[in-house]
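Numbering (the working numbering), first residue to last: 1 to 490. Quick notes on the structure that follows.
This is the structure we're talking about:
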């Protein structure tokens, strides 16, 4: 979910509406969904602040007194076009290739669902109970995503808010299935001491805890929840991401964590306000979890990890950050530029706005001990990607976008993520935070929740023929940082 990290203060009105919708019984389902939809949209608009008008000043000129990500990553500008201008939208409409998919709908309550495939071929998604948005459940499909139903019983997320604290939100954030068939779900709990506005680095009382629950009997019963936070000073989780399984059966969860301010009088320094993505692993079928000693990367959110047949671990991640003190003085936030004027002081402010919001890719060839630096793979505001591996080794990256409508696009790699198709395929023009998996016959199933309803929807589609992809050529993504500087090797 957007707005679950200190990157933006919680929209209290939206969160209040959200909590009210979570507390009601499912007899009031339509009203609860309506309220939750309003809260979701309000939170989305609050965090990304998309205006109706576009600032012409956003197009970077050679004599401009500011710089953006485009200087460092000209190939992204060439492939994806400018994110917020009519020219950019026209470029995408002209060059992106529409791709067919069959849409199936369900009544399973869901917000940003993830999907995994079990040992016997069944699909599983994280969902909510028909009774309350405070109860998590697992949904399943045995017909390749054409229909969905709940599995087993719910688990209660309410009691993880400490007594005396003010609940802000509980959310189911991802699903997994072990080699033995045990189901795993992780969920986030947000709370503070009741102050308003809630959340953000200025709220030293804000807490964000992430828990894992496990069921060894297909959701009939659930083991006690296990907390992932490494220390009391860390805020962990509430990021949409699924569990992954390594070749040896180890279950892993890539998850973000960041520090909080210790008190209102000692706010966290601007230079320390960034996320760190860690690997949490379990070698006992999800009963216990250990965190990696070093982060996989910095400034990452909503990660998605797969293990390739070669043993390589490939990770897609939403690379997103504010301007930091050591950035070039002229580096600006594209979001803020739309409503700014020369000399663009607001857009250049350290700690304000976003100078990066992309999908990045990185990998490990030593079972996660070390990782490459993240490389940018999509245009600005095209993020929350997931990875799909087909039987012939093809890797597909479906990703979300917020530049035009809301929906999903995808890129293709035939060399384990080293190079990617210059052709961008337009998959679907609705929904957000999609998660995808391949069936045994390489049919791809993408689950999402639509913008007009909070329930599981599924797209079924096939990958393009290789010769069609190869005709468009390939490119090598560039390392993300340093932003705002011309690359040493154009």
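Even glycine gets a Cβ: it sits at the ideal position worked out from N, Cα and C.
Environment of residue i [buried if 16+ CB atoms lie within 10 Å]
i           : result
residue 114 : buried
residue 343 : exposed
residue 311 : exposed
residue 233 : exposed
residue 199 : buried
residue 17  : Because the pLDDT at residue 17 is just 35, under 50, the model does not fix this residue reliably, and the point stays unresolved.
residue 192 : buried
residue 221 : exposed
residue 488 : exposed
residue 316 : buried
residue 320 : buried
residue 323 : buried
residue 287 : exposed
residue 231 : exposed
residue 244 : buried
Alpha-carbon to alpha-carbon, residue j and residue i
i           : j           : result
residue 333 : residue 131 : 42 Å
residue 124 : residue 348 : 44 Å
residue 329 : residue 162 : 43 Å
residue 468 : residue 116 : 28 Å
residue 309 : residue 102 : 29 Å
residue 359 : residue 217 : 36 Å
residue 32  : residue 436 : Because the pLDDT at residue 32 is just 36, under 50, the model does not fix this residue reliably, and the point stays unresolved.
residue 112 : residue 126 : 9 Å
residue 158 : residue 66  : 47 Å
residue 568 : residue 275 : Residue 568 lies beyond the range of the chain shown here (1 to 490); nothing can be said about it.
residue 224 : residue 178 : 17 Å
residue 25  : residue 89  : Annotation note: pLDDT 34 at residue 25 (below 50); position unreliable, no value reported.
residue 153 : residue 366 : 39 Å
residue 326 : residue 175 : 38 Å
When the options are compared against residue i, the one with the closest alpha-carbon
i           : options               : result
residue 406 : 423, 432, 422 and 393 : 432
residue 181 : 272, 141 and 120      : 120
residue 185 : 193, 428, 436 and 172 : 172
residue 280 : 274, 246, 416 and 269 : 246
residue 80  : 479, 423, 266 and 159 : 423
residue 236 : 192, 205 and 256      : 256
residue 140 : 262, 107, 420 and 97  : 107
residue 74  : 378, 174 and 470      : 378
residue 497 : 244, 209 and 335      : Residue 497 is absent from the structure shown; the chain starts at 1 and stops at 490.
residue 374 : 364, 381 and 380      : 364
9 Å Cβ cutoff, residue i in contact with chain C
i           : result
residue 474 : Looking for chain C here will not work: only one protein chain is present.
Fill in: Residue ranges of each beta strand (DSSP E) within the segment 154 to 207, 3 or longer
Listed in chain order, they are 166 to 177 and 183 to 192.
Item to complete: Specify whether the segment 451 to 462 and the segment 475 to 486 touch according to this definition: at least 3 beta carbon pairs, one from each stretch, less than 8 Å apart.
Response: Contact between the segment 451 to 462 and the segment 475 to 486 is not established, with fewer than three Cβ pairs separated by less than 8 Å.
Worksheet entry | Contiguous alpha helix (DSSP H) assignments of at least 4 residues, all confined to the segment 310 to 341 | 334 to 337, all fully within the segment 310 to 341.
Worksheet item: Is the number of C-beta pairs between the segment 479 to 490 and the segment 436 to 443 that are closer than 8 Å three or more?
Response: These segments do not touch.
Worksheet item: Which runs of the alpha helix (DSSP H) spanning at least 4 residues fall entirely within the segment 333 to 412, listed in chain order?
Response: If we require 4 residues or more, the alpha helix (DSSP H) runs fully inside the segment 333 to 412 come out as 334 to 337.
Worksheet item: Does the segment 144 to 163 come within contact of the segment 238 to 254, defined as at least 3 CB pairs closer than 8 Å?
Response: Touching, no.
Discussion item. Could you tell me which whole beta strand (DSSP E) segments of length 3 or greater appear in the segment 212 to 243?
Written reply: Taking only runs of at least 3 residues, the beta strand (DSSP E) segments lying wholly in the segment 212 to 243 are 234 to 236.
Practice prompt. Determine contact between the segment 365 to 372 and the segment 386 to 406, defined as no fewer than three beta-carbon pairs at a distance below 8 Å.
Written response: Judged by Cβ distances under 8 Å, the segment 365 to 372 makes no contact with the segment 386 to 406, as fewer than three pairs qualify.
Discussion item. Report the start-end ranges of each alpha helix (DSSP H) in the segment 55 to 115 that is 4 residues or longer and not cut off at the edges.
Written reply: Within the segment 55 to 115, the complete alpha helix (DSSP H) runs of at least 4 residues are 69 to 72, 74 to 80 and 86 to 95.
Worksheet entry | Continuous beta strand (DSSP E) assignments of at least 3 residues falling wholly in the segment 429 to 468 | Whole beta strand (DSSP E) segments, 3+ residues: 432 to 438, 444 to 449 and 455 to 461.
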